[in-house]
Amino acid sequence: MNEIVERARAFGETHVAPNAAKWAREGRMQVEALKAAAAEGLLAFQTSKAWGGLEIGFAAKLKLLEVLSRHSFDFAFSLTNTAGCAAHIAQAMPRAVAERYVPAMLKGERFGGSALSEPGVGSDFAGIKTSAVKDGDDWLLTGEKGWITNAAFGDVFITYAQTDPAQGWRGIGCFLVDGRREGFRRSNAEALGGGGVIGAGGFQLIDYRVRADEVVAPPGQAFRRAMTSVNQARTYVAAMCVAMVDACLDTAIAYGKARQAFGAPLSAKQGWRWMAADVATDAEAARLLVAKAADLIVRGEDAALASAHAKKFATRMACQRISDACQLMGAAGLREDYPFLRHLASARVASYTDGSTEMQNERIAAIVIG
Ligand SMILES: Cc1cc2nc3c(=O)[nH]c(=O)nc-3n(C[C@H](O)[C@H](O)[C@H](O)COP(=O)(O)OP(=O)(O)OC[C@H]3O[C@@H](n4cnc5c(N)ncnc54)[C@H](O)[C@@H]3O)c2cc1C
Numbered sequence: 001m002n003e004i005v006e007r008a009r010a011f012g013e014t015h016v017a018p019n020a021a022k023w024a025r026e027g028r029m030q031v032e033a034l035k036a037a038a039a040e041g042l043l044a045f046q047t048s049k050a051w052g053g054l055e056i057g058f059a060a061k062l063k064l065l066e067v068l069s070r071h072s073f074d075f076a077f078s079l080t081n082t083a084g085c086a087a088h089i090a091q092a093m094p095r096a097v098a099e100r101y102v103p104a105m106l107k108g109e110r111f112g113g114s115a116l117s118e119p120g121v122g123s124d125f126a127g128i129k130t131s132a133v134k135d136g137d138d139w140l141l142t143g144e145k146g147w148i149t150n151a152a153f154g155d156v157f158i159t160y161a162q163t164d165p166a167q168g169w170r171g172i173g174c175f176l177v178d179g180r181r182e183g184f185r186r187s188n189a190e191a192l193g194g195g196g197v198i199g200a201g202g203f204q205l206i207d208y209r210v211r212a213d214e215v216v217a218p219p220g221q222a223f224r225r226a227m228t229s230v231n232q233a234r235t236y237v238a239a240m241c242v243a244m245v246d247a248c249l250d251t252a253i254a255y256g257k258a259r260q261a262f263g264a265p266l267s268a269k270q271g272w273r274w275m276a277a278d279v280a281t282d283a284e285a286a287r288l289l290v291a292k293a294a295d296l297i298v299r300g301e302d303a304a305l306a307s308a309h310a311k312k313f314a315t316r317m318a319c320q321r322i323s324d325a326c327q328l329m330g331a332a333g334l335r336e337d338y339p340f341l342r343h344l345a346s347a348r349v350a351s352y353t354d355g356s357t358e359m360q361n362e363r364i365a366a367i368v369i370g
């Protein structure tokens with residue numbers, strides 16, 4: 001196993017597990033924890049070696065996110081958004097531009113992510129309203145982004161904007177936005193009943209100037225770029241859901257072996273055992289869907305259908321089976337030092353991010369039916 005995955009596992013056990021309940025109670029990302037992760041190299045896993053990154057493959061990335069998600073999906077999701085943003089900037093931008101962001105992001109000095117969604121537009125990505133208007137060689141961006149992971153505290157965002165509404169998806173361009181510049185105004189972070197550790201928030205752009213060398217993908221290419229990278233995101237979100245279910249089942253089994261009822265351990269009761277067995281079967285089915293999608297991605301093949309299957313099944317499965325695993329615990333499952341309710345909220349979050357369950361169905365139907 002990749003050494004960085006073992007480091008992530010150790011970090012998860014020493015830093016994330018003991019704090020996850022407190023972070024969830026406070027409902028906000030702990031930037032100090034991300035900085036500690038950066039010190040362990042955990043923000044550099046995806047960035048190319050030319051930039052001091054580790055450039056691990058997709059299979060190792062899945063493992064890394066799984067070992068962290070056992071303790072906190074939200075922390076892992078926030079972490080991978082900054083890590084992915086840094087890697088994309090390193091790969092897609094001119095060196096002089098990347099110099100301004102990549103080293104700082106790998107060190108945990110700046111955080112970021114991808115900004116597609118807006119307060120009025122989520123699933124209908126081609127309908128985004130944030131505009132990009134040419135000004136000489138530069139672009140001026142105006143509009144508002146909402147529900148953006150890490151926007152509560154981050155300030156480097158790969159941002160999508162419409163250059164020509166008449167062109168629909170073909171008019172969408174992709175731009176690098178620096179939250180420390182004029183024209184960027186952070187909105188209040190979302191106050192959530194669960195999932196607040198992700199740091200979802202928004203920002204306004206008011207004639208925000210993107211210099212010519214800060215265009216990540218021009219109109220015509222940006223939409224396709226987003227659709228291609230989303231297959232990877234769907235697959236790792238599905239894997240993270242399986243990890244949460246595994247963690248909940250392990251916790252319930254340990255509890256059920258120790259807790260006595262009617263003169264025997266709970267784990268000796270057939271009804272209890274069968275519910276645990278159903279959780280295990282569904283987790284295994286999701287794991288195999290993830291493995292298929294991941295294998296296609298690693299081999300550079302089309303993973304659109306496989307990743308949509310994996311994400312739809314894994315997120316639905318997690319919502320149901322985390323709840324079932326909590327049932328196995330009785331009232332104790334509700335205690336905050338157990339992961340059940342936190343993981344349930346995160347499974348709800350996973351049902352929306354990178355395309356809702358219904359959007360997975362749209363994708364699957366388009367491929368299967370035509
Ligand atoms: C914690 C969190 C973090 C997020 N992070 C990011 C981020 O980093 N970057 C980013 O860009 N976005 C992010 N999102 C936004 C996420 O991508 C959107 O929530 C998602 O695309 C769904 O959009 P919506 O919530 O506006 O729902 P809507 O699009 O308003 O849809 C509402 C409901 O109707 C359903 N629906 C919509 N259209 C159809 C249809 N045609 N047929 C059937 N059903 C339909 C949807 O599936 C959904 O269930 C995040 C969301 C959350 C909760």
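All residue numbers for the sequence shown refer to the working numbering, where the first residue is 1 and numbers rise by one.
Positions of the beta carbon are idealized from the N, C-alpha and C atoms, including for glycine.
Query	Result
Coil, strand or helix - leucine 116 by DSSP	coil
C-alpha gap between threonine 130 and valine 102, whole angstroms	25 Å
Host alpha helix (DSSP H) of arginine 9 (start-end)	3-11
Close-in-space but distant-in-sequence residues of the same chain around aspartate 164 (CB under 6 Å, 5 per side omitted)	Gly171
Cβ-Cβ separation, glycine 154 to proline 119 (assumed contact under 8 Å), whole Å	The pair is not a contact, with the Cβ atoms about 18 Å apart (cut-off 8 Å).
Pairwise C-alpha distance: histidine 343 and aspartate 337	12 Å
Any non-hydrogen atom of ligand 1 closer than 8 Å to aspartate 337 Cβ	no
For glycine 84 and glutamine 46, believed in contact at Cβ under 8 Å, the rounded distance	6 Å
Beta strand (DSSP E) runs contained entirely in the segment 106-186, provided each spans 3 or more residues	112-115, 131-135, 138-148, 156-162, 172-178, 184-186
Any non-hydrogen atom of ligand 1 within 8 Å of glycine 143 CB	no
Beta-bridge pairing of glycine 360 - partner residues as DSSP gives them	Looking at the sequence shown, residue 360 is not glycine but glutamine. Paired residue(s): none; glutamine 360 is not in a bridge.
Any non-hydrogen atom of ligand 1 within 8 Å of tryptophan 147 CB	yes
Assigned secondary structure, leucine 43 (DSSP; H/G/I helix, E/B strand, else coil)	coil
Contact check, arginine 363 vs leucine 305, beta carbons under 9 Å	yes
Among Ser69, Ile198, Ser48, nearest to histidine 88 - alpha-carbon criterion	Ser48
Sub-9 Å separation of alanine 60 and asparagine 150 beta-carbons	no
Arginine 259, DSSP secondary structure in three states	coil
Delimiting residues of the beta strand (DSSP E) encompassing aspartate 324	Here aspartate 324 belongs to no beta strand (DSSP E); instead the alpha helix (DSSP H) covers 304-328.
beta-carbon threonine 357 near ligand 3 non-hydrogen atom, thresh 8 Å	Summarising the ligand content, the structure contains ligand 1 and does not contain ligand 3.
Distance between beta carbons of alanine 243 and arginine 70, contact taken as under 8 Å	5 Å
heavy atom of ligand 1 below 8 Å from isoleucine 374 C-beta	Absent from the structure is residue 374, since the part of the chain shown begins at 1 and ends at 370.
Residues of its chain near threonine 142, where Cβ-Cβ distance is below 8 Å and the 5 sequence neighbours each way are ignored	Thr130, Ser131, Val133, Leu205, Ile206, Asp207, Tyr208
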